[in-house]
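Novice:
In UniProt numbering, the protein residues as written are 1 to 543.
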């Protein structure tokens, strides 16, 4: 087959370099035309500054910016006086926000796992944990009809369709740890999970709107959350601060709508239950300490009218050490509750640590503290004082929901905040469903071509009636009982253990007489007696 041989271009030599330099010199030497002020600008009588003036930024512009900054500060702070020196303005801002404190605080930032899991989270949140979701939450899911194709498409949006190409972390094999794997590019794990959560929430929201539900919601993306509480009984003289950043934050537009509180009458009875005892482990062992945090004084300043977007209008020279990014990252400023909105739920994603992976128990504890911090943040927005919050929460508790996605599994949490003090007689309620399987993801260094089976257990589980569950248990035990003793191992101890388990479970469920007839009972009794040791059996031998 004929083909044309490739001829490479000749090398860039010294003559080409000389030609390039000459052309560049000619291009640079060309004078640009002088700037002429448009007639429309001249007619508008706008003051124009001469850019070649050496003292341009130390005269009129500085005075104009100073005047504008004073107007903004006067609108924000009622006790601000004009012509205040710069250092006084800085100290005023630090005093109002009270960011740096002499007394360090215990800080939870979801960076360290809780070594004792759910029990430790139960102590830190002063909550009684129930390993199930409330009944009314289960019944509400029945109103949402979401096809499986929509769920599969939502998952594929994050696992396959996203075109992001970022440098992913270095792969670490815990077995062949000396192998250097090639660096791959793709979508980070957290971004994949966030895309999946976004699409799942969109499907739930649209399904609710079709049924006339979920109206008046405000959805925010990646807000910083900061919650503050004090409890001398557990934390001593140090406050407890929770800082985190969920991906999806759902709010209600109107906080005056009455909230459903089906467990308000059960607070006294459930508060009598003791919290888990994890001694000799301290509940505070995994918390960090920091002197830079957001306390109630700062919350008062924020809630009285300061908005983080107003900092962009201030003179940057006045806020040199207090930038907007620093306030958002370390102080985790919340926008003021001007529109009287109310936090409802939050959704976030976690990434697996390759060298020190968290357990399912530790991820469940992380979900509990995230939801607890969101409830505390809502209490900080509503009430200006801890004592006022305690009185209000006694009759008006806060209910919060949280969903955490980790390696294709969901941790669902519902919390009722009855108190903010750990020395109170009341306790909080926590309902937890941990590690509910949604789908099986591929490793982060592999691309998902086809999505396997999607487990709809999260949606189907609330729809299962209790009698149906009992029937499944009875059928399972009956199948095992009919297979005794031939189908199991020849070891008689295994047979008798499984037999006692099946018979005891059927007796507890009240189905023993209906499943096992009299003739079958006699056969089982005779077989059990045949396993007994007699005097004629010799030393430890069965007859």
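Beta carbons: idealized from backbone N, C-alpha and C, even for Gly.
1) Applying the criterion that 16 or more other CB atoms from any shown protein chain within 10 Å of the CB defines a buried residue, is residue 126 buried or exposed?
2) Where DSSP assigns a beta bridge to residue 349, which residues make up the other side?
3) DSSP state of residue 232, grouped into three classes?
4) DSSP three-state call for residue 530: helix, strand or coil?
5) Measuring CA to CA, which of 395, 222 and 172 is closest to residue 266?
6) Should the region 279 to 290 be regarded as contacting the region 113 to 128, the criterion being three or more beta carbon pairs within less than 8 Å?
7) If we count the other Cβ atoms within 10 Å of its Cβ and call it buried at 16 or more, is residue 548 buried or exposed?
8) Answer with buried or exposed for residue 246, where buried requires no fewer than 16 other C-beta atoms within 10 angstroms of its C-beta.
9) Can you tell me the Cα-Cα spacing of residue 236 and residue 420, whole angstroms?
10) With a CB to CB cut of under 7 Å and the five nearest residues on each side skipped, what residues in its chain are close to residue 422?
11) Residue 343 by DSSP, collapsed to three states: which one?
12) Could you check the C-alpha separation between residue 268 and residue 388 for me, to the nearest Å?
13) Hey, would you say residue 438 sits closer than 8 Å to residue 408, going by beta carbons?
14) Are residue 168 and residue 444 touching if we call contact CB-CB under 8 Å?
15) Quick check: the region 143 to 151 against the region 189 to 205, are there 3 or more CB pairs under 8 Å?
16) Put residue 335 into one of helix, strand or coil per three-state DSSP.
17) Sort out for me which residues DSSP pairs residue 252 with in a bridge.
18) Taking the alpha carbon of residue 507 as the reference point, which residue from 428, 130 and 473 has its own alpha carbon closest?
19) Given residue 196, which residues of its chain have a CB within under 8 Å of its CB, disregarding the five upstream and five downstream residues?
20) By the three-class DSSP mapping on this structure, what secondary structure does residue 226 have?
21) Which residues in the same chain as residue 412 place their Cβ atom closer than 7 Å to its Cβ, once the five residues preceding and following it in sequence are excluded?
22) Please name the residue, chosen from 191, 242 and 367, that lies closest to residue 376 on a Cα-to-Cα basis.
23) Quick one, are the C-beta atoms of residue 343 and residue 400 less than 8 Å apart?
24) Just to confirm the assignment, what range does the alpha helix (DSSP H) spanning residue 204 have?
25) Sort 500, 112 and 365 by Cα distance to residue 415 and report the nearest one.
26) Residue 186 bridges to which residues according to DSSP?
27) Do you know how far the Cα of residue 163 is from the Cα of residue 398?
28) Whole angstroms is fine: what's the gap from residue 497's alpha carbon to residue 504's?
29) Tell me the DSSP secondary structure of residue 289 in three-state form.
30) Could you spell out the range, first to last residue, of the alpha helix (DSSP H) harbouring residue 364?
31) Confirm, please, whether the CB-CB distance from residue 108 to residue 287 is below 8 Å.
32) Less than 8 Å between the beta carbons of residue 244 and residue 40, yes or no?
33) Can you tell me whether residue 432 is helix, strand or coil according to DSSP?
34) Hey, out of 528, 180, 174 and 161, whose CA is closest to residue 186's CA?
35) Could you round the C-beta distance between residue 248 and residue 346 to whole angstroms and report it? I think they count as a contact, below 8 Å.
36) Which stretch, first to last residue, makes up the beta strand (DSSP E) that contains residue 243?
Specialist: Well, looking at it:
1) buried
2) 405
3) helix
4) helix
5) 395
6) yes
7) This structure gives no information on residue 548, because the portion of the chain shown stretches from 1 to 543.
8) buried
9) 15 Å
10) 126, 231, 233 and 234
11) strand
12) 20 Å
13) yes
14) yes
15) yes
16) The predicted model places residue 335 with a pLDDT of 40, which falls under 50 and marks its position as unreliable, so this point remains unresolved.
17) 217 and 342
18) 473
19) 154, 155, 157, 158, 159, 349 and 405
20) strand
21) 133, 403, 433 and 436
22) 242
23) yes
24) 189 to 210
25) 365
26) 166
27) 40 Å
28) 11 Å
29) strand
30) 360 to 382
31) yes
32) no
33) strand
34) 161
35) 7 Å
36) 240 to 244
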